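This report concerns only the one structure given below.
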Amino acid sequence: SAVISQKPSRDICQRGTSLTIQCQVDSQVTMMFWYRQQPGQSLTLIATANQGSEATYESGFVIDKFPISRPNLTFSTLTVSNMSPEDSSIYLCSARRRGYEQYFGPGTRLTVT
Amino acid sequence: TQLLEQSPQFLSIQEGENLTVYCNSSSVFSSLQWYRQEPGEGPVLLVTVVTGGEVKKLKRLTFQFGDARKDSSLHITAAQPGDTGLYLCAGAEVWDSNYQLIWGAGTKLIIKP
C-alpha cells in the first residue's frame, strides 16, 4: 500500500479566489490522480497527473480551471482557480504504484462562499 | 467507456443481519476492487479480485468476481455498526498501455445497533 497525505484537510474560501491542494506520497508511484466527490457519492476523476509533462484531463475539466503540477514521483498539487460555490466538494488525491490498485489520501473538504 | 452499475445505493439494516451489494457491467474488467469510505476519510482498499469466479474473504466480508469478470458482489454476514460506511466498487479497464478505473455509484450502508 501507499501512505498519502493531503494539505489542507479543509478550507473555506471566498468566491473568485484560488486554492492549491498538496498531495504527498510516502514512496514513488507510477501514476497520481485527482478526484472530486460530493459527500456520500461516488468519485469523479478530474485528471491524471503525469510526472514531467502536462496532466491529462477528463471531459468537463480544463487546465485553466484546475492546473496540476507533478514535479516528481511522490508529489502533486491541484489548484482550484477562480472558485465559485459550485466548486464546493471533497478533493481526493490518489496514487497507483503497480497493478491496478489505487490508494487515496484523506481528502480536502472545500467550501466556497 | 464501460459502465459499472452498483446496487443498492442505500441500505439501512439492523445489527446482525446479512446483506449483499452488487456491481454489474456488460463488459469485462481486468480486475475489480472494493473500497470502504468513512466520513472525513478517503476510500480504503478492501480487496482486489482478478480471476473469474474468484472468492475472497475478509473476516465477515465475502467478495466474489463473476465467472465472466463482468460482475462482482460483496456479502456481509452478521453486520455490525462498525461496517457502516460508503462502499465503492471499481473496475479496472486496461487497453494498450492505458489504464483507468470505472467507479460504481456507491452503496451507503448504515448498520443500526
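As they're listed, the protein sequences go chains U and S.
Heads up, the first sequence is in the working numbering, so the first residue is 1 and it goes up one at a time.
Heads up, the second sequence is in the working numbering, so the first residue is 114 and it goes up one at a time.
Where a beta carbon is used, it is the ideal one built from N, C-alpha and C, also for glycine.
As the structure is a prediction and not an experimental result, all values here were calculated from the model.
Which chain S residues sit within Cβ distance under 7 Å of SER42(U)? Residue numbering aside, residue 42(U) sits at position 42 when the first sequence is read from its first letter. Simply LEU201, TRP216, GLY217, ALA218 and GLY219.
Starting from the C-beta of SER144(S), find all residues in its chain whose C-beta is less than 6 Å away, skip the five residues before and the five after it, and write them out in chain order. One-based indexing of the second sequence puts residue 144(S) at position 31. The residues are THR161, VAL163 and ALA205.
PRO194(S) to THR133(S), Cα distance in whole Å? Walking along the second sequence from the start, residue 194(S) turns up at place 81. Walking along the second sequence from the start, residue 133(S) turns up at place 20. Approximately 16 Å between the Cα atoms of the pair.
Per-residue contacts from PRO85(U) into chain S (C-beta, under 8 Å): Looking up residue 85(U) in the first sequence gives position 85. Residues of chain S passing the Cβ test: none, with the nearest at roughly 21 Å.
Less than 8 Å between C-beta atoms, sequence neighbours within five positions excluded: which residues of the same chain meet that for LEU214(S)? Locating residue 214(S) in the second sequence gives position 101, where the first residue counts as 1. Once the five neighbours on either side are set aside, the close Cβ partners of LEU214(S) are GLN146, ALA203, GLY204, ALA205 and GLU206.
What beta strand (DSSP E) runs, 3 residues minimum, are completely inside the segment 136 to 183 of chain S? 144 to 150, 157 to 162, 168 to 171 and 174 to 178
Which of the three DSSP states, helix, strand or coil, is assigned to GLU118(S)? By 1-based counting over the second sequence, the position of residue 118(S) is 5. Reduced to three states, the DSSP call for GLU118(S) is strand.
Any beta carbon of chain U sitting closer than 7 Å to that of THR161(S)? Mapped onto the second sequence, residue 161(S) falls at position 48. Yes, THR161(S) counts as interfacial toward chain U.
Using a Cβ cut-off of 7 Å (strictly closer), state whether GLU154(S) contacts chain U. Counting from one through the second sequence, the residue named residue 154(S) turns up at place 41. By this cut-off, GLU154(S) is an interface position.
Could you tell me whether the segment 46 to 61 of chain U touches the segment 26 to 33 of chain U, where touching means 3 or more Cβ pairs closer than 8 Å? yes
Would you say PRO106(U) reaches chain S, if we count a Cβ-Cβ gap shorter than 7 Å as a contact? Taking the first sequence and counting its residues from 1, one reaches residue 106(U) at position 106. Yes, its Cβ sits closer than 7 Å to a Cβ of chain S.
Just the Cα atoms here: how many angstroms apart are GLN102(U) and TYR91(U)? To locate residue 102(U), count along the first sequence from 1; it is residue 102. To locate residue 91(U), count along the first sequence from 1; it is residue 91. If I take the Cα positions, the gap works out to 15 Å.
Would you mind sorting LYS170(S) into buried or exposed? The rule is 16 or more other CB atoms within 10 Å of its CB. One-based indexing of the second sequence puts residue 170(S) at position 57. It counts as exposed.
GLU206(S) in three-state terms, based on DSSP: The count along the second sequence starts at 1 and reaches residue 206(S) at position 93. In the structure shown, GLU206(S) sits in a strand (DSSP, three-state: E or B).
Under 6 Å Cβ to Cβ from THR175(S), same chain only, skipping five residues before and after it: list those, please. For the purposes of this step, residue 175(S) is identified with residue 62 of the second sequence, where counting begins at 1. These residues qualify, in order along the chain: HIS188.
Length of the line joining the Cα atoms of PRO67(U) and LYS221(S): Mapped onto the first sequence, residue 67(U) falls at position 67. Mapped onto the second sequence, residue 221(S) falls at position 108. Straight-line Cα distance between these residues: approximately 32 Å.
Which residue or residues does DSSP assign as beta-bridge partners of LEU31(U)? By one-based count along the first sequence, residue 31(U) stands at place 31. Sequence check: residue 31(U) is Met here, not Leu. For MET31(U), which the question treats as bridged, DSSP gives the partners ARG96(U).
Tell me the residue span of the beta strand (DSSP E) that contains TYR71(U). Within the first sequence, numbered from 1, the residue matching residue 71(U) stands at position 71. Tyr is not the amino acid found at residue 71(U); the sequence shown has Pro there. It spans 68 to 72 - the beta strand (DSSP E) in which PRO71(U) sits, taken as one unbroken run.
Sort out for me which residues DSSP pairs GLY198(S) with in a bridge. The residue labelled residue 198(S) in the question sits at position 85 within the second sequence. Looking at the DSSP assignment, GLY198(S) forms a beta bridge with LEU222(S).
Residues that GLU100(U) contacts on chain S, provided the C-beta gap is smaller than 8 Å: The residue you call residue 100(U) lines up with position 100 of the first sequence. For the record, residue 100(U) in the displayed sequence is Tyr; it is not Glu. Those within 8 Å of TYR100(U) in chain S are SER143, SER144, GLN146, THR161, ALA205, VAL207, TYR212 and LEU214.
Mapping DSSP to helix, strand and coil, what is ASP87(U)? The residue you call residue 87(U) lines up with position 87 of the first sequence. It is helical.
Can you name the residues that DSSP bridges to SER5(U)? Reading the first sequence from its first residue, position 5 is the one you call residue 5(U). Bridge partners of SER5(U): GLN24(U).
Leaving out five residues on either side along the sequence, give the residues of the same chain with a beta carbon under 7 Å from the beta carbon of ALA218(S). Within the second sequence, numbered from 1, the residue matching residue 218(S) stands at position 105. Excluding positions up to five away in sequence, the list reads GLN119 and GLN122.
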